[in-house]
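Q:
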Amino acid sequence: MRRVVVTGIGVVSPIGIGAASFWQSLLDGKCGIDRIKSFDPAGFPCQIGGEVPDYKIGDFVPKSYRKATKVMARDIELAVIAADDAFKDAGIQSKAHTESPAFDPKRFGCNIGAGLISAELDELTGAMTTARDDSNPNQLSLEKWGRDGMQQLTPLWLLKYLPNMLACHVTIIHGLMGPSNTITCDAASSHLAIGEAFRTIQRGKADLAICGGAESRINPMGIVRQQLLGRLNERFNDRPADALRPFDQGAAGTVFGEGGGLLILEELESARQRGAKIYAELVGFAASQDAHKITEPEPTGHSYGRAIENALRDAKLSPGDVELLIPHGIGIASHDRAELNGLRKAFAAELDRIAVAPIKPQIGLLGAGCGADAAAAALAVHSGRIPPARNTTRPIDGVKLNVHPAAREMKVGVAVSSVYSLGGQNAALVFRKP
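Here the sequence shown stands for residues 23 to 456, numbered as in my numbering.
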């Protein structure tokens, strides 16, 4: 099997646009969770979220492509921004930057995770109003929706909301023609996409790949769905920076955000030949499935733990080799307990030693954008610095965790990033210092 390294990182997040800004803000303990500003959240029990700072999408695409931004949903824009950052960070001139890229486009893959892209309400209002049932205006008539309502939508409306459009726009902008796929498995999407790209390069089907994911959950429809599932924090609207409390006795629900993280993976010899900066080597990947409830992880965490165990086995490493864990850590008490059970299964007594640094208290739960977690793991390996574990001040059930409220300097030879999703998909990635 060929060796695979990370040579480019692109991040868009509530604490900064660009991997450098994201990483420095993460180390500084900056929190990007605040009262929602993109719409009036007053009618919602949870009124806080992690929003990406203002940007102009035209600044991140070639001038010739700016017309296409009209059919980009927010999720697509986030992926396009992260991809632009990743290519620049990797020092790779793509079709977006030159007419003569220095790579074979047929050997450059693209695997991007996407979520359930929520439509903008103002785009649906006219169509929904037209499709009201004549006998009951509070109900939607499917017959009228098909006959009259859909006629109110722009002809290209659907192209804004298909999940494969994240990868579609990225590949068109940068001229990538290698193996490509879209993964839609909620918060596991990014890690599964990175894992698939990893295997593609290992097996010689590509030399490079851009991979990860992006999603915006700061949308009225998205918030309503999660509120109905009882997942959101309703108690910290006046203290947003303290709201998301992973593995903590004060956990009161999660907080959603928007953003994403994309990595450029490259075959080791290719990276060496072009003198690329190497952040970390990706040495292990595994996935598993709970086969439990759609809305709750399996309480013992055994399947989640198995994904980590198998990723370490894939890397030919043991729990004793791991210095850093970037866990999922979303601040829902039952989820956190299940995750801790899985971590204990995977790491046993070593869990007391391993530095644990959940980053969601600073950026929120990004869904398919959890590639930001993988980016943080690779950046920690490269820099020898560990982000703070914000808001984990009283670990649940007296569990001993190696967490610190401030960033630390520490040699990180091996880092693990692990996630799970609604529906029970689990995935883990193992990064090693090259």
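We put the beta carbon where it would ideally sit given N, CA and C, even for glycine.
If you run the structure through DSSP and keep just helix, strand and coil, what is C190?
A: Here C190 sits in helix by DSSP.
Q: Please report the distance separating the alpha-carbon of I216 from that of G234.
A: In a straight line, the C-alpha of I216 is about 5 Å away from that of G234.
Q: Since L164 is in the beta strand (DSSP E), which residue starts that stretch and which ends it?
A: Segment 164-169 is the alpha helix (DSSP H) holding L164; no beta strand (DSSP E) there.
Q: Give every residue of the same chain whose Cβ lies closer than 7 Å to the Cβ of K367, excluding the five residues on either side of it in the sequence, and list them in chain order.
A: Around K367: G323, H324, G327.
Q: Hey, is V102 close to the ligand NAP, as in C-beta under 6 Å from one of its heavy atoms?
A: The ligand NAP is absent from the structure shown, which contains no ligands of any kind.
Q: With DSSP collapsed to three states, give me the class of R454.
A: Here R454 sits in strand by DSSP.
Q: Please report the straight-line C-alpha distance between N363 and D144, rounded to a whole angstrom.
A: Straight-line Cα distance between these residues: approximately 44 Å.
Q: Where do the ends of the alpha helix (DSSP H) carrying E99 lie?
A: Where E99 is concerned, the enclosing alpha helix (DSSP H) stretches over 96-112.
Q: Within 10 angstroms of the Cβ of M23, are there 16 or more other Cβ atoms? Answer buried if so, exposed if not.
A: Exposed.
Q: Just to confirm my understanding: we take V441, look at its own chain, exclude 5 residues before and 5 after, and list those with CB closer than 6 Å. What are they?
A: A209, A210, H213, H350, C392, A449.
Q: Indicate the three-state DSSP secondary structure (helix, strand or coil) for E361 in the structure shown.
A: Correct three-state label for E361: helix.
Q: Among K382, R407, G445, A429, which one has its Cα closest to the Cα of G461?
A: As displayed, the chain neither begins before 23 nor continues past 456, which places residue 461 out of reach and without an answer.
Q: Mind pulling the beta strand (DSSP E) runs of 3 or more residues that sit fully within the segment 294-363?
A: Correct list: 302-311, 346-348.
Q: Checking the sheet assignment: what are the DSSP bridge partners for P417?
A: Bridge partners of P417: D270.
Q: Pull up the CB-CB distance for D106 and F125, whole angstroms please, since I reckon it's below 8 Å.
A: No, D106 and F125 are not in contact; Cβ-Cβ is about 17 Å, not under 8 Å.
Q: Which partner residues of S202 appear in the DSSP bridge assignment?
A: DSSP output for S202 lists C132 as bridge partner(s).
Q: If you measure between the beta carbons of H70 and N259, is that distance less than 7 Å?
A: Here residue 70 is Ile; the residue named in the question, His, does not match the sequence. For I70 and N259, yes; Cβs fall inside 7 Å.
Q: Pick out the complete beta strand (DSSP E) segments inside the segment 423-447, 3 residues or longer, and give them in chain order.
A: List check, beta strand (DSSP E) in window: 436-442.
Q: Alpha carbon to alpha carbon, what distance is there between A355 and L285?
A: One C-alpha to the other measures close to 31 Å.
Q: On the DSSP bridge assignment, give the partners of L287 in chain order.
A: DSSP lists V28, A231 as partners of L287.
Q: Which of helix, strand or coil does DSSP assign to G148?
A: The answer is helix: DSSP assigns G148 an H, G or I state.
Q: If you draw a straight line from the alpha carbon of T276 to that of Q295, how long is it in whole angstroms?
A: One C-alpha to the other measures close to 44 Å.
Q: Please name the residue or residues paired with G72 in a DSSP beta bridge.
A: In the DSSP output, where bridge partners are listed per residue, G72 has I55, G279.
Q: Any contact of the segment 300-316 with the segment 412-431, i.e. 3+ C-beta pairs under 8 Å?
A: No contact exists between the segment 300-316 and the segment 412-431.
Q: By how many angstroms is the C-alpha of F61 removed from the C-alpha of P36?
A: For P36 and F61, the distance between alpha carbons rounds to 16 Å.
Q: Have a look at F269 and I418 and give me their C-alpha separation to the nearest angstrom.
A: Approximately 6 Å between the Cα atoms of the pair.
Q: Note down the Cα distance separating G54 from P75, rounded to an integer number of angstroms.
A: The straight-line gap from Cα to Cα measures roughly 9 Å.
Q: Going by DSSP, name the residue or residues bridged to A399.
A: In DSSP, A399 forms no bridge with anything.
Q: If you draw a straight line from the alpha carbon of E289 to that of V27, how long is it in whole angstroms?
A: Approximately 6 Å between the Cα atoms of the pair.
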